[in-house]
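Note sheet for the following structure.
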């Protein structure tokens, strides 16, 4: 085996590898890489281990910075959405160690940490990840089976949640439409801003969503939804679409209208649409650490999905800077 670490490849080879790999997800695609490359505060990197023209491992960390200049080293992390994608059955430990060594040598202490977010069970790879310094931490998620008949998907939702959705629909049916015009994105983004401000959580710049619309919408790889009551926008969501899977990405709602259950109605709308259009599953995109209280987990749990814990693997590049950054972030959230 002649292992080489490369920083670029033909998009056709790349696309084919992800498309044909059973664990390939939307975050591995050239299209998603392009989205991140256009977004303010995001810088994707391409890393692959190859043998001749065969991809053995694909690793796509996205550097995310909350500030520039002197503060960049204290506010930049890398997230490997969808984790690493491997196809090598033999000598996989040698392949991954070579890839990780090259990556860490280049990154050094320019960023705080690199986090791999696992969307599938990579149990066989965990010993290799951890021996390379990528510490495992449990992280829950809910995956809803949409391959079932629509009635079964509905009945899998907790009884109390179904009752509240039906009551809300009788009071005031939420008008939900797909955004097919980029000019609607500012109104959609405004709803996101309100929710993230309420939760004291930084929201990516609108350029991320504009890029996603430009790159993914023409290829039917994304769905932006906006929900309205009496001509007032009260809920927004965006989901990524790839192969037969729907990935919940961002969602928000106006808490003034909580009695109308806009968030719940939006989720059910996506489920119903998914069953009608041949999708097999909906991925909620995370439900927090098992040992910590996490409000959104209760919301997601009531929709009847399977609870999984694929976890995350994190390598810390700059321990001291991370401690300073963590303290600063806590103070930042207090004043948001």
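In the working numbering, the protein residues as written are 22 to 357.
For glycine and all other residues, C-beta sits at the position ideal for the given N, C-alpha and C.
Problem set entry | Distance between beta carbons of residue 157 and residue 147, contact taken as under 8 Å | 6 Å
Exercise. In chain order, what residues of the same chain have a beta carbon less than 8 Å from the beta carbon of residue 226, not counting five sequence neighbours either side?
Worked result: 60, 61 and 62
For this session: Output the residue ranges of the alpha helix (DSSP H) runs that lie fully inside the stretch 256-304 and measure 4 residues or longer, sorted by chain position.
Result: 283-297
Exercise. Does DSSP put residue 220 in a helix, a strand or coil?
Worked result: coil
For this session: Take every Cβ of the stretch 302-316, pair it with every Cβ of the stretch 164-178, and state whether three or more of those distances are shorter than 8 Å.
Result: yes
Exercise. Out of curiosity, what's the CA-to-CA distance linking residue 318 and residue 142?
Worked result: 20 Å
Exercise. With distances taken from CA atoms, which of 98, 34 and 56 is nearest residue 347?
Worked result: 98
Exercise. Measuring CB to CB, does residue 256 end up less than 8 Å from residue 328?
Worked result: no
Exercise. Where do the N-terminal and C-terminal ends of the beta strand (DSSP E) with residue 84 fall, by residue?
Worked result: 83-86
For this session: Return the chain-ordered list of same chain residues with a C-beta closer than 8 Å to the C-beta of residue 356, the five sequence neighbours on each side being excluded.
Result: Unreliable positioning characterises residue 356 in this predicted model, as indicated by a pLDDT of 40, which lies under 50. A coordinate reading is not provided.
Exercise. If you drop the 5 nearest sequence neighbours on each side, which residues of the same chain put their C-beta closer than 6 Å to that of residue 266?
Worked result: 302
Problem set entry | Rounded separation between residue 72 and residue 197 - CA only | 48 Å
Exercise. When DSSP labels each residue in this structure, what does residue 80 get in the three-state scheme?
Worked result: strand
For this session: Would you mind giving the Cβ-Cβ distance between residue 100 and residue 136, rounded to the nearest angstrom? I have them listed as a contact below 8 Å.
Result: 5 Å
Exercise. Is there at least one Cβ from chain C nearer than 8 Å to residue 72's Cβ?
Worked result: Protein chains in the displayed structure number just one, and chain C is not present.
For this session: Measure from the alpha carbon of residue 110 to the alpha carbon of each residue in 296, 67 and 75, then state which is nearest.
Result: 75
Exercise. Among 54, 283, 190 and 173, which has the Cα closest to the Cα of residue 254?
Worked result: 283
Exercise. With which residues is residue 68 paired in a DSSP beta bridge?
Worked result: 80
Exercise. Since residue 248 is in the beta strand (DSSP E), which residue starts that stretch and which ends it?
Worked result: 243-250
For this session: Mind checking which residues open and close the beta strand (DSSP E) that includes residue 237?
Result: It is not in any beta strand (DSSP E) - residue 237 instead sits in the alpha helix (DSSP H) that spans 227-237.
Problem set entry | Cβ neighbours of residue 354 in the same chain (closer than 6 Å, five flanking residues each side left out) | Note on residue 354: pLDDT 46, under 50, position unreliable in the model; the coordinate value appears next. The residues are 221.
For this session: Count the C-beta pairs between the stretch 274-293 and the stretch 241-250 that are closer than 8 Å, then say yes if the count reaches three, no if not.
Result: yes
Exercise. Between residue 270 and residue 288, is the Cβ-Cβ spacing less than 8 Å?
Worked result: no
Exercise. Measuring CB to CB, does residue 22 end up less than 8 Å from residue 162?
Worked result: no
For this session: Decide if residue 286 is buried, meaning its Cβ has at least 16 other Cβ atoms within 10 Å, or exposed.
Result: buried
Problem set entry | C-alpha distance - residue 104 paired with residue 159, whole-angstrom precision | 14 Å
Exercise. When DSSP labels each residue in this structure, what does residue 166 get in the three-state scheme?
Worked result: strand
For this session: Would you mind reading off the limits of the beta strand (DSSP E) that contains residue 102?
Result: 97-102
Exercise. Out of 121, 280, 81 and 206, which has the shortest C-alpha to C-alpha gap to residue 52?
Worked result: 81
Exercise. DSSP on residue 327, reduced to helix/strand/coil?
Worked result: strand
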